[in-house]
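Engineer: Starting off with a structure, shown below.
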Amino acid sequence: MRILSRPLVSKGVLFYQSPESLRWEYQSPVRSILLMHNGKTRRYIQGKEGLIEDTGADLQSLQIVIQEMTQWLGGRFDENSSFAARFEQGRKIVLTPRQKSISMLISRIELVLSDRPGVMESVTIYESRDSFTRFTFQDATVNQEIAESVFREK
12 MRILSRPLVS
22 KGVLFYQSPE
32 SLRWEYQSPV
42 RSILLMHNGK
52 TRRYIQGKEG
62 LIEDTGADLQ
72 SLQIVIQEMT
82 QWLGGRFDEN
92 SSFAARFEQG
102 RKIVLTPRQK
112 SISMLISRIE
122 LVLSDRPGVM
132 ESVTIYESRD
142 SFTRFTFQDA
152 TVNQEIAESV
162 FREK
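Under our numbering, the sequence shown has 124 at position 113, and the numbering climbs by one with no breaks.
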């Protein structure tokens, strides 16, 4: 179901450190931060008084999605019990849900790998044939030291 007449563009940064530390920060149009470190996931959303921790019930399902992402970022596309991986020509990996409950929400996920080792060019999540969310990654930096505080502090 298409809701928006034109794409909504968000911008931010993504930090990943193997095996399972992640910081995904949207900087515009609405600031939010998703942190995963030492098995704990936290989300902060911009409110009138600054960043406020979101403790909603959907945080557990979000943690599952983030763990899936860490598998992809680590190059482990075929170790997924929720999605079947199919490699296509042109550095594309198509993930299709194994379970009907997931396929009702996501019809497929397309991962496009960069020609640079260890870098993902884009992730497109298809909810239906003409409704999708696309993440495009630019200015990737690989194998640089990341301070542990990046994954702990908002």
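Even glycine gets a Cβ: it sits at the ideal position worked out from N, Cα and C. Predicted, not measured: the structure shown is a model, and the values here were computed from it.
ARG53 and SER43: beta carbons closer than 8 angstroms?
Structural biologist: no
Engineer: Please report how far the alpha carbon of GLN82 lies from the alpha carbon of PRO30, in whole angstroms.
Structural biologist: If you draw a straight line from the Cα of GLN82 to the Cα of PRO30, it comes to about 9 angstroms.
Engineer: Would you call the stretch 90-107 and the stretch 121-131 touching, i.e. three or more CB-CB distances under 8 angstroms?
Structural biologist: By the criterion of at least three beta-carbon pairs nearer than 8 angstroms, the stretch 90-107 is in contact with the stretch 121-131.
Engineer: Compare the C-alpha of SER93 against each of MET80, LEU84, GLN110 and name the closest.
Structural biologist: GLN110
Engineer: Below 8 angstroms on the Cβ atoms is my guess for LEU46 versus PHE162; work out the distance and round it to an integer in Å.
Structural biologist: 6 angstroms
Engineer: Given a cut-off of 8 angstroms on the beta-carbon distance, is the pair ILE117 and PRO128 in contact?
Structural biologist: no
Engineer: Apart from the five residues just before and just after PHE146, which ones in its own chain have a Cβ nearer than 7 angstroms to its Cβ?
Structural biologist: SER133, VAL134
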